[in-house]
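Trainee:
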Amino acid sequence: SLRSQDRLRVGMMTLDQLNQASTADFVALLDGTYEHSPWIAERAAAARPYLTLAALKVALARVVREASLDEQLGLIRAHPELAGKAAVAGELTAESTNEQLKAGLTACTPEEFATLQRLNADYNTLFGWPFILAVRGPRGTGLTRAEIIATFERRLRAHPDVE
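Here you go:
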């Protein structure tokens, strides 16, 4: 099994080492790729070896695409709200904490925080799952809190099939 000190070296792990890892270690090394959903990496492990990182990414996406509707909804529902209860309680994964920190969601004004809490509640009531947004933005530079709130408000008007 993977020791905690080995997890710190994941960034230096080669694709070859990932391909040769036990299924348990493969899953542990990909922990955080999909929020609280190790079943995705478990299924992708069976399709090894991967010749490129792009092939691994495609395989992970295929697992999600081919999953049952209940599994897909479970994946979506496992994702934390933006500036939501898990963030306030300090219960986010390292990946989510970093994303929300970079987007400035940890530095909301009281008004922005109240708006996000209301939007989270409205979105959950309407759709039955948390609002999910790649807060890093399309170029990886991050969205502003105003852009996040505007996107949230726009998507509240979307059809559930679109969401």
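Residue numbers for the sequence shown follow our numbering, beginning at 149 and rising by one.
Ideal Cβ placement from N, Cα and C applies to all residues, glycine included.
Rounded to the nearest angstrom, how far is the Cβ of residue 247 from that of residue 284, given a contact under 8 Å?
Mentor: The pair is a contact, with the Cβ atoms about 6 Å apart (cut-off 8 Å).
Trainee: Count the CB pairs spanning the stretch 199-212 and the stretch 227-234 that are closer than 8 Å, and state whether there are at least three.
Mentor: No, they do not touch.
Trainee: Who are the near neighbours of residue 326 in its chain, counting only those whose CB is closer than 8 Å to its CB and skipping five residues on each side?
Mentor: For residue 326 there is no data in the structure shown, the boundaries of the chain being 149 and 311.
Trainee: Which ranges would you report for the beta strand (DSSP E) in the stretch 197-231 if only whole runs of at least 3 residues count?
Mentor: Here no run is fully enclosed.
Trainee: Would you tell me roughly how many angstroms separate the C-alpha atoms of residue 271 and residue 278, rounded to the nearest one?
Mentor: Distance between the alpha carbons of residue 271 and residue 278 is about 7 Å.
Trainee: What residue does the alpha helix (DSSP H) around residue 247 start on, and which one ends it?
Mentor: Per DSSP, residue 247 belongs to the alpha helix (DSSP H) from 242-250.
Trainee: Let's see if you can read the secondary structure: which residues bound the alpha helix (DSSP H) around residue 274?
Mentor: Run containing residue 274: 258-275, per the alpha helix (DSSP H) assignment.
Trainee: If you compare alpha carbons, which of 266, 291, 295 and 163 is closest to residue 203?
Mentor: Nearest C-alpha to residue 203: 163.
Trainee: Can you name, in chain order, every residue of its own chain whose Cβ lies under 6 Å from the Cβ of residue 225, other than the five neighbours on each side?
Mentor: The residues are 277.
Trainee: When we look at the beta-carbon of residue 172 and count the other beta-carbons within 10 Å, is it buried (16 or more) or exposed?
Mentor: With fewer than 16 Cβ atoms within 10 Å of its Cβ, residue 172 is classed as exposed.
Trainee: For the alpha helix (DSSP H) that contains residue 311, what are its first and last residues?
Mentor: Careful: residue 311 lies outside any alpha helix (DSSP H) and carries neither H nor E.
Trainee: According to DSSP, simplified to helix, strand and coil, what is residue 179?
Mentor: Here residue 179 sits in coil by DSSP.
Trainee: Am I right that residue 235 and residue 296 are in contact with their C-beta atoms under 8 Å? What's the rounded C-beta distance?
Mentor: About 13 Å; that fails the 8 Å criterion.
Trainee: Is residue 304 helix, strand or coil by DSSP?
Mentor: Residue 304: coil per DSSP, three-state reduction.
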